[in-house]
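To convert, count from 1 in the sequence shown and add 3; that's this note's numbering. Worksheet: the structure to be examined is printed underneath.
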Amino acid sequence: MPFVYFIFIPMLAAILIPFLYKKVRSIHTGWFVLVVPVVLFGLYTTFVPKLQNGDTYTSSFDWIPSLDISFISYIDGLSLLFSLLITGIGALVVLYSIFYLDKTREKLHNFYVYLLLFMTAMLGVVQSDHLISLYFFWELTSISSFLLIGYWYTRDRSRFGALKSMMITVFGGLMMLGGFILLSIMGDTYSIRELISQAPELANHKWFVWSLILVLLGAFTKSAQFPFYIWLPDAMEAPTPVSAYLHSATMVKAGLYLVARFTPLYASSEWWIWLVTGTGLLTLFWGSFFALKQTDLKGILAFSTVSQLGLIMSLLGAGAISFHTGIEDNSIFKYAAFAAIFHLVNHATFKGSLFMIAGIVDHETGTRDIRKLGGLMSIMPITFTIALIGSFSMAGLPPFNGFLSKEMFLSGMLSIQNFDLFAFATWGILFPIIGWIASVFTFVYSLYFVFRTFTGKYKPDLLPKKAHEAPIGMLIPPAILGTLVIAIFFVPNLIGDYLVKPAVIAMQPFLYTSPSEIDIHISAWHGPLEPELLMTLGIIGLGLLLYWTLPKWQPLYTKFPDWLSLNRLYDSMMYFSEVGTNRLSKMYMTGYMRSYLVYMFTGIILLSISTVFIKNAFEVSFATLAPIRFFELIIALVLVAGTVTILLAKSRLTSIIALGAVGYTVALFFVIFNAPDLALTQLVIETISVALFLLAFYHLPKLNRHENRMKFRLGNALVALGVGITITIIALSAHSQKLVPSISSYYEETVYSEAGGGNIVNVILVDYRGFDTLFEIAVLAIASLGIIAMIKLRLTKKKEVNRLEDK
Numbered sequence: 004m005p006f007v008y009f010i011f012i013p014m015l016a017a018i019l020i021p022f023l024y025k026k027v028r029s030i031h032t033g034w035f036v037l038v039v040p041v042v043l044f045g046l047y048t049t050f051v052p053k054l055q056n057g058d059t060y061t062s063s064f065d066w067i068p069s070l071d072i073s074f075i076s077y078i079d080g081l082s083l084l085f086s087l088l089i090t091g092i093g094a095l096v097v098l099y100s101i102f103y104l105d106k107t108r109e110k111l112h113n114f115y116v117y118l119l120l121f122m123t124a125m126l127g128v129v130q131s132d133h134l135i136s137l138y139f140f141w142e143l144t145s146i147s148s149f150l151l152i153g154y155w156y157t158r159d160r161s162r163f164g165a166l167k168s169m170m171i172t173v174f175g176g177l178m179m180l181g182g183f184i185l186l187s188i189m190g191d192t193y194s195i196r197e198l199i200s201q202a203p204e205l206a207n208h209k210w211f212v213w214s215l216i217l218v219l220l221g222a223f224t225k226s227a228q229f230p231f232y233i234w235l236p237d238a239m240e241a242p243t244p245v246s247a248y249l250h251s252a253t254m255v256k257a258g259l260y261l262v263a264r265f266t267p268l269y270a271s272s273e274w275w276i277w278l279v280t281g282t283g284l285l286t287l288f289w290g291s292f293f294a295l296k297q298t299d300l301k302g303i304l305a306f307s308t309v310s311q312l313g314l315i316m317s318l319l320g321a322g323a324i325s326f327h328t329g330i331e332d333n334s335i336f337k338y339a340a341f342a343a344i345f346h347l348v349n350h351a352t353f354k355g356s357l358f359m360i361a362g363i364v365d366h367e368t369g370t371r372d373i374r375k376l377g378g379l380m381s382i383m384p385i386t387f388t389i390a391l392i393g394s395f396s397m398a399g400l401p402p403f404n405g406f407l408s409k410e411m412f413l414s415g416m417l418s419i420q421n422f423d424l425f426a427f428a429t430w431g432i433l434f435p436i437i438g439w440i441a442s443v444f445t446f447v448y449s450l451y452f453v454f455r456t457f458t459g460k461y462k463p464d465l466l467p468k469k470a471h472e473a474p475i476g477m478l479i480p481p482a483i484l485g486t487l488v489i490a491i492f493f494v495p496n497l498i499g500d501y502l503v504k505p506a507v508i509a510m511q512p513f514l515y516t517s518p519s520e521i522d523i524h525i526s527a528w529h530g531p532l533e534p535e536l537l538m539t540l541g542i543i544g545l546g547l548l549l550y551w552t553l554p555k556w557q558p559l560y561t562k563f564p565d566w567l568s569l570n571r572l573y574d575s576m577m578y579f580s581e582v583g584t585n586r587l588s589k590m591y592m593t594g595y596m597r598s599y600l601v602y603m604f605t606g607i608i609l610l611s612i613s614t615v616f617i618k619n620a621f622e623v624s625f626a627t628l629a630p631i632r633f634f635e636l637i638i639a640l641v642l643v644a645g646t647v648t649i650l651l652a653k654s655r656l657t658s659i660i661a662l663g664a665v666g667y668t669v670a671l672f673f674v675i676f677n678a679p680d681l682a683l684t685q686l687v688i689e690t691i692s693v694a695l696f697l698l699a700f701y702h703l704p705k706l707n708r709h710e711n712r713m714k715f716r717l718g719n720a721l722v723a724l725g726v727g728i729t730i731t732i733i734a735l736s737a738h739s740q741k742l743v744p745s746i747s748s749y750y751e752e753t754v755y756s757e758a759g760g761g762n763i764v765n766v767i768l769v770d771y772r773g774f775d776t777l778f779e780i781a782v783l784a785i786a787s788l789g790i791i792a793m794i795k796l797r798l799t800k801k802k803e804v805n806r807l808e809d810k
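Dropping the structure here:
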């Protein structure tokens with residue numbers, strides 16, 4: 004099977020889940036779902052040895068060939084790394100959810116359908132080599148995450164968080180689509196690889212910077228960068244397995260993937276380096292600082308995710324500097340790109356385990372409020388051990404993998420001062436300072452998360468349920484991730500050589516051709532007097548001081564006015580948008596059909612007439628028209644007289660008769676113009692219509708002289724006259740300017756030879772316009788089913804009423 008189809012395996016499996024959920028109620032549905040990510044993870048691991056020589060693989064199938072749109076799966080180091088994270092972490096999340104979600108109380112078929120759809124969307128994002136298919140999967144992640152975040156849809160906060168995430172990420176997706184369209188116009192291709200190969204030429208294009216900004220808007224909104232991060236904390240209303248998946252390996256990492264993938268294309272621009280690095284550092288500081296304001300365990304982890312995403316983003320920006328020549332030590336920036344990918348892997352391991360720990364605490368105590376927790380270390384020792392491993396890794400302490408990538412981050416920020424372009428030599432000093440301060444707060448919130456939860460005084464009276472250790476099935480997934488946290492620290496180069504280096508090649512294709520060319524060796528010890536070590540000691544020292552004095556300065560967070568927050572700005576925008584649109588709607592939504600017709604017809608007149616005259620398309624020629632015969636003129640006058648009679652009649656019966664006369668006159672025109680089939684159809688329809696009208700109007704009250712009739716309205720008359728004139732002008736102009744031959748000759752030539760029919764009208768309806776006719780039949784069938792359902796419903800209610808009356 005071509006590996007492009009691997010992307011759609013979860014989506015196909017999602018189709019079967021509702022049936023399995025309905026038929027096999029004795030087994031948790033998650034056990035069936037678990038097979039999908041496990042199998043996919045095994046399939047993707049087979050590519051790991053194949054990429055060690057710098058090879059790449061492509062598989063595709065056409066989607067919309069006429070528009071040159073295809074599903075192209077492109078496997079290189081970067082897409083493979085993300086695919087392994089998506090499926091590997093996905094398997095652990097599914098295993099965790101089996102024990103977290105109660106099969107008797109939860110709608111598991113909905114949950115797993117959404118989760119599998121999300122998995123397909125993420126695999127499509129990281130493997131797409133086509134801009135349009137990438138956008139398709141990108142928006143599919145927004146839709147599926149909306150469904151997952153709003154899974155508990157009866158809760159107001161769940162619906163609010165789901166809507167907020169979709170509003171912000173879809174906005175970014177639309178901006179990104181604009182950037183993609185500009186890129187496709189600039190490079191005359193939809194292929195990302197081909198665009199990257201044209202990077203030197205595209206850098207001089209007038210739309211280059213605009214496309215860069217639009218693409219970054221998509222990345223920043225999806226990866227929760229400042230100021231778009233506000234959707235991420237509200238997404239914590241999702242079930243914990245969803246939170247663990249979103250934050251460790253999927254949605255929030257999509258923006259990082261986008262930046263990494265497009266770095267070879269945009270790295271030559273100072274806009275890219277400044278925006279990516281600067282926004283990442285600002286997000287890192289902002290998230291780490293405000294994490295200590297939170298009292299909900301998942302809230303703390305949400306802001307820590309914002310912070311860690313900013314760290315990776317800043318490293319991606321620093322890594323882009325390696326594309327510029329003339330730098331004193333170019334290798335250090337290549338080191339930053341390596342560090343970004345390495346920390347992305349490390350973050351997936353410790354953040355996934357910590358979210359699962361937060362879910363375990365909530366599941367076994369009934370609360371995530373850190374003010375009610377404490378003293379759980381002796382009650383939940385295994386949970387505490389895993390939480391300690393994940394928290395210390397997030398804090399950047401040895402012997403955990405987070406320490407290694409945190410040291411690399413400090414090295415990358417220190418090296419920016421050596422970059423003598425784009426004013427970095429002057430302002431670059433701020434980067435290591437901001438990074439160091441943010442790392443101090445990262446250290447503090449890591450301790451805050453684990454020790455405030457598991458140490459101190461146990462408060463059973465504040466807990467909704469008696470605390471106890473989690474079942475072994477719920478502990479296995481975070482334990483696996485915790486084991487990886489420690490294992491990567493001791494054998495980091497195993498991950499570095501087989502996963503990180505091939506991904507770096509995808510980020511820097513102009514610098515490397517195979518992983519063996521990347522001369523980077525990860526080690527925990529760089530020497531006793533290295534700046535990174537001194538900065539780490541400072542982080543630990545100041546971090547411990549701030550943690551011990553936390554009760555004294557944490558109340559400072561209450562001094563920040565809520566009305567200045569970004570969340571309040573979002574809420575205000577949504578409120579005024581809703582109020583404003585409601586007021587605007589009430590101005591034109593009058594409830595009268597005639598008002599809506601006036602709006603529509605006025606728009607048709609303005610658009611059509613202006614287009615005709617702006618494009619100089621108005622032209623009238625009678626040269627090709629057939630002569631008008633006397634009896635045709637008489638019939639036309641009868642048609643006009645019947646129409647006027649409908650409008651002026653004082654009796655409904657007179658109006659119906661005049662309406663029938665108009666229909667029969669049109670049928671007579673069809674006969675004269677040698678269209679007997681159309682004439683027959685018109686006669687049948689007209690007869691049925693008149694009969695139905697008479698039947699319906701028979702039951703209406705009669706008109707009398709006291710009934711108010713619609714008065715003459717000059718505005719309506721002008722609109723009606725304008726529509727008539729517009730249609731006449733367009734018809735005459737279209738007939739007078741035939742730019743292409745009429746298709747009627749094609750029908751005449753092929754109706755018998757190609758379609759095997761003798762009646763041209765029937766053949767057009769059945770063969771040439773077969774799908775059109777099929778859909779019309781489908782519409783009629785649906786309407787018929789609706790009528791039957793209404794009749795049966797009415798009969799059922801009538802029987803129920805009679806039964807109650809009999810009682």
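Cβ atoms here follow ideal geometry from the backbone N, Cα and C, with glycine treated the same way. Quick caveat, the model's predicted, so the values are computed rather than measured.
Three-way DSSP call (helix, strand, coil) for residue i in this model
i	result
threonine 815	Only positions 4 to 810 of the chain appear in this structure, which leaves residue 815 out of reach.
histidine 709	Residue placement at histidine 709 is flagged as unreliable, the pLDDT there being 45, under the threshold of 50; the coordinate-derived value follows with that caveat. Histidine 709: coil per DSSP, three-state reduction.
isoleucine 72	strand
serine 307	helix
aspartate 522	coil
glycine 329	Its pLDDT being 47, under 50, glycine 329 is placed unreliably by the model, and nothing is read from it.
glycine 281	helix
tyrosine 595	coil
Proximity below 8 Å, CB of residue i to CB of residue j
i	j	result
tyrosine 99	methionine 380	no
threonine 776	leucine 783	no
leucine 259	isoleucine 171	no
alanine 527	phenylalanine 412	no
alanine 470	isoleucine 382	yes
leucine 295	phenylalanine 444	yes
valine 129	serine 82	yes
leucine 84	isoleucine 344	yes
alanine 305	proline 236	yes
alanine 339	alanine 351	no
isoleucine 483	leucine 88	no
phenylalanine 563	isoleucine 440	no
methionine 397	threonine 253	no
In DSSP terms, what residue i is bridged to
i	result
tyrosine 60	Ile78
serine 194	His133
isoleucine 67	Ile72
aspartate 3	Here the chain has residues from 4 to 810 only, and residue 3 is not among them.
aspartate 812	Outside the shown range of the chain, which is 4 to 810, sits residue 812, and nothing can be said about it.
Residue i burial status per 10 Å Cβ neighbour count (16 or more: buried)
i	result
arginine 797	exposed
serine 756	exposed
valine 494	exposed
proline 534	exposed
histidine 709	Annotation note: pLDDT 45 at histidine 709 (below 50); position unreliable, no value reported.
aspartate 522	exposed
glycine 329	Bear in mind that a pLDDT of 47 at glycine 329, under 50, signals an unreliable position, so the number given afterwards is only what the model happens to contain. So glycine 329 ends up on the exposed side.
tyrosine 248	buried
asparagine 404	buried
lysine 53	exposed
asparagine 3	The question about residue 3 has no answer, for the chain in this structure spans 4 to 810.
Test: residue i CB closer than 8 Å to a CB of chain D
i	result
glutamine 55	Among the protein chains of the structure shown there is no chain D, as only one such chain exists.
Practice task
Starting from the N-terminal side, write out each stretch of the alpha helix (DSSP H) that is 4 residues or longer and does not extend beyond the region 450-490.
Solution key: Runs of the alpha helix (DSSP H) lying entirely within the region 450-490 and spanning at least 4 residues: none are present.
Practice task
Return the chain-ordered ranges of every beta strand (DSSP E) run that is complete within the region 692-743 and spans a minimum of 3 residues.
Solution key: Uninterrupted beta strand (DSSP E) stretches at least 3 residues long and entirely within the region 692-743 do not occur.
Exercise for the section: Enumerate, from N- to C-terminal direction, the unbroken alpha helix (DSSP H) stretches of 4 or more residues contained entirely within the region 142-205. Expected result: 159-190, 195-200 and 202-205
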